[in-house]
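Below you'll find the structure, written out as structure tokens, and then a few comments.
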Amino acid sequence: MFTLMEALKSLAPWFTAAVVVLLGPVVKDLIPTAVSNYLFSIYQDYFFPQFTVINIEEYGDFTRDQIYEAATTYLRKKINDSPKPKRFRCRKTIKQNKPICDIAREEEVIDNFGDIRLKWKLREEGTGNQPHLQTLPAKKFFELTFDKRFEKDVVESYLPHVLDRAEEIQREEKVIKLYSLECNLGMPVTTGQWGSTILEHPATFDKLAMSPKLKRSLKDDLDRFVNRKEWYKKVGRAWKRGYLIYGPPGTGKSTLIAAMANHLKFDIYFFDISNITSDSMLRNILLSSSNGSMIVIEDIDCAQLEKRGEEKKDSYYEFTLSGLLNVMDGLWSSCGDERIIVFTTNHKDLLDRLDPALFRPGRIDMHVPMSYCTMDAFKMLASTYLDVNEDHRLYGQIEGLFANAEVTPAEIAEEFSRTEDPDAALKAVVEVLKKKTKLENATDIPYSEKRLHFSSCRYIRNEKS
Numbered sequence: 001m002f003t004l005m006e007a008l009k010s011l012a013p014w015f016t017a018a019v020v021v022l023l024g025p026v027v028k029d030l031i032p033t034a035v036s037n038y039l040f041s042i043y044q045d046y047f048f049p050q051f052t053v054i055n056i057e058e059y060g061d062f063t064r065d066q067i068y069e070a071a072t073t074y075l076r077k078k079i080n081d082s083p084k085p086k087r088f089r090c091r092k093t094i095k096q097n098k099p100i101c102d103i104a105r106e107e108e109v110i111d112n113f114g115d116i117r118l119k120w121k122l123r124e125e126g127t128g129n130q131p132h133l134q135t136l137p138a139k140k141f142f143e144l145t146f147d148k149r150f151e152k153d154v155v156e157s158y159l160p161h162v163l164d165r166a167e168e169i170q171r172e173e174k175v176i177k178l179y180s181l182e183c184n185l186g187m188p189v190t191t192g193q194w195g196s197t198i199l200e201h202p203a204t205f206d207k208l209a210m211s212p213k214l215k216r217s218l219k220d221d222l223d224r225f226v227n228r229k230e231w232y233k234k235v236g237r238a239w240k241r242g243y244l245i246y247g248p249p250g251t252g253k254s255t256l257i258a259a260m261a262n263h264l265k266f267d268i269y270f271f272d273i274s275n276i277t278s279d280s281m282l283r284n285i286l287l288s289s290s291n292g293s294m295i296v297i298e299d300i301d302c303a304q305l306e307k308r309g310e311e312k313k314d315s316y317y318e319f320t321l322s323g324l325l326n327v328m329d330g331l332w333s334s335c336g337d338e339r340i341i342v343f344t345t346n347h348k349d350l351l352d353r354l355d356p357a358l359f360r361p362g363r364i365d366m367h368v369p370m371s372y373c374t375m376d377a378f379k380m381l382a383s384t385y386l387d388v389n390e391d392h393r394l395y396g397q398i399e400g401l402f403a404n405a406e407v408t409p410a411e412i413a414e415e416f417s418r419t420e421d422p423d424a425a426l427k428a429v430v431e432v433l434k435k436k437t438k439l440e441n442a443t444d445i446p447y448s449e450k451r452l453h454f455s456s457c458r459y460i461r462n463e464k465s
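Take a look at the structure:
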């Protein structure tokens with residue numbers, strides 16, 4: 001129910017219009033000019049309002065604009081929760097639970113914020129054809145139109161509301177994505193062109209087959225990192241953290257990365273560092289990743305990086321150690337928040353040929369060894385695969401065999417996946433460990449036949465040598 005004052009307030013513009021239109025010619029000479037101009041301005045603003053237009057472009061100088069991303073999420077929710085516009089875009093991948101609807105180009109979406117009526121429209125602007133140059137993609141931008149009287153309210157209140165609401169929606173509907181670089185056949189990637197798929201890896205810290213002490217230490221370190229935004233700001237450091245995960249193939253490095261991403265709800269950006277050909281290429285790639293993400297660089301030991309002072313400045317390949325260090329903790333590292341950089345390697349001993357500066361604290365903050373299977377890790381695997389949660393009669397024999405045999409968690413998991421009978425599975429593991437023990441203790445077998453897990457880069461180096 002309207003109160004009397006609210007009713008009178010709502011009728012004020014109509015009363016003003018009646019005074020201006022009907023009585024204006026009669027009383028024109030009887031009222032001061034200032035009062036007359038004021039009445040006419042009210043009449044014009046109410047019945048013939050002037051509009052302000054704000055363009056929100058998709059990309060800023062280097063990265064995707066935060067307001068553009070927030071508007072995309074915000075309007076997607078508006079489309080789903082309110083009457084649909086005449087046209088909208090709808091898509092769904094196999095892994096998505098439901099279709100995603102977005103605003104279509106040149107279609108309007110109306111939003112109301114208090115007394116403000118706002119109109120959103122997605123538009124594109126062509127860059128034109130440039131002879132002898134590669135055609136650039138069209139520029140996308142949102143066109144936001146509203147009454148100019150509310151310009152201050154829109155800038156200071158509405159846009160922050162869009163940002164906050166988009167952040168809430170993203171938290172509610174967070175789907176972890178795995179990004180990889182897209183490139184055309186025969187064409188190098190020079191900018192951050194990421195393709196993505198939904199990461200549905202079920203790994204969690206509770207199920208990881210690794211040392212309980214190391215697992216707890218790593219999990220605590222991640223939790224401390226994401227909760228210290230103000231601390232990083234106070235001490236003047238970029239909000240990032242670096243990890244080196246190392247160990248033989250099959251020890252669970254990739255599973256650990258998936259568990260970290262699931263724990264933090266972080267997207268994963270993966271790329272092969274051997275495909276990087278220049279410092280600017282690496283910089284553009286990393287800057288195009290989003291905040292709250294993990295950047296994974298596998299097989300860092302395969303990187304062709306000269307030590308400082310040995311870099312060939314006249315080399316055709318301009319990807320240098322200095323460029324990588326600058327991205328990790330130089331000025332460029334501050335162009336983004338809440339980022340985790342993960343290096344992996346199968347052969348930590350080969351890292352000695354790289355500059356120690358790459359692994360100092362501040363760049364690599366925590367070293368995470370992934371070892372061969374221990375008894376604690378074995379019990380975790382037995383619990384996960386076979387539902388064996390208590391000591392088994394074969395555990396004593398298995399623990400003794402672990403002292404003389406090196407077997408990876410992946411090899412144990414493979415044996416467990418062959419049968420659901422705990423006794424049969426554990427007996428199979430005993431036989432595997434016995435064979436491993438004989439192989440390790442044999443003196444007439446070449447060392448190269450004892451170690452079957454070699455990365456491709458190490459194999460190539462051995463062949464060349």
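FYI, UniProt numbering numbers position 176 of the sequence shown as 176, with every residue one higher than the one before it. In this text, a Cβ means the ideal position worked out from N, Cα and C, and glycines have one as well. Keep in mind that this is a model prediction, so the values were computed, not measured.
Run of the beta strand (DSSP E) containing residue i, from where it starts to where it stops
i              : result
glutamate 125  : 116 to 125
valine 342     : 339 to 345
serine 196     : 194 to 198
asparagine 275 : Per DSSP, asparagine 275 belongs to no beta strand (DSSP E) and is neither H nor E.
C-beta atoms of residue i and residue j nearer than 7 Å
i              : j              : result
methionine 366 : aspartate 221  : yes
isoleucine 116 : leucine 75     : no
aspartate 267  : lysine 177     : yes
valine 327     : arginine 283   : yes
alanine 428    : leucine 386    : no
threonine 251  : alanine 203    : no
aspartate 355  : leucine 401    : no
aspartate 337  : asparagine 275 : no
leucine 351    : aspartate 272  : no
isoleucine 100 : arginine 91    : yes
glycine 195    : serine 180     : yes
lysine 253     : threonine 384  : no
aspartate 279  : glycine 323    : yes
isoleucine 285 : leucine 144    : no
threonine 437  : alanine 405    : yes
glutamate 58   : lysine 140     : yes
Where residue i falls: helix, strand or coil (DSSP)
i             : result
cysteine 373  : coil
glycine 400   : helix
histidine 161 : helix
arginine 283  : helix
serine 293    : strand
cysteine 101  : strand
threonine 52  : strand
cysteine 90   : strand
leucine 57    : A small fix is needed here, since residue 57 is glutamate in this sequence, not leucine. Here glutamate 57 sits in strand by DSSP.
aspartate 423 : helix
aspartate 206 : helix
valine 154    : helix
lysine 240    : strand
histidine 263 : helix
arginine 171  : helix
Environment of residue i [buried if 16+ CB atoms lie within 10 Å]
i                 : result
isoleucine 110    : exposed
isoleucine 257    : buried
phenylalanine 142 : buried
isoleucine 198    : exposed
phenylalanine 51  : exposed
glutamate 298     : buried
threonine 408     : buried
serine 293        : buried
tyrosine 269      : buried
serine 157        : exposed
valine 162        : buried
proline 248       : buried
lysine 229        : exposed
lysine 234        : exposed
asparagine 346    : buried
residue 494       : One cannot answer for residue 494 here, as it falls past the ends of the chain, which runs 1 to 465.
serine 417        : exposed
Range covered by the alpha helix (DSSP H) that runs through residue i
i                 : result
residue 468       : Outside the displayed range of the chain (1 to 465) lies residue 468, so it cannot be described from this structure.
lysine 213        : 212 to 226
phenylalanine 416 : 409 to 416
glycine 323       : 321 to 329
threonine 145     : Looking at the DSSP string, threonine 145 is not in any alpha helix (DSSP H); the run it does join, the beta strand (DSSP E), is 139 to 147.
leucine 178       : Segment 177 to 181 is the beta strand (DSSP E) holding leucine 178; no alpha helix (DSSP H) there.
asparagine 112    : Counting along the chain, asparagine 112 falls outside any alpha helix (DSSP H), though it belongs to the beta strand (DSSP E) covering 108 to 113.
Closer than 6 Å: residue i CB and nearest the ligand MG heavy atom
i          : result
serine 278 : This structure does not include the ligand MG; it has no bound ligands of any sort.
Hey, is the region 239 to 249 in contact with the region 413 to 427, meaning 3+ C-beta pairs nearer than 8 Å?
No: the two stretches stay apart, fewer than three of their Cβ pairs being nearer than 8 Å.
The region 203 to 216 in contact with the region 373 to 388 per 3-pair CB rule at 8 Å:
Per the Cβ contact rule, the region 203 to 216 is in contact with the region 373 to 388 (3 or more Cβ pairs under 8 Å).
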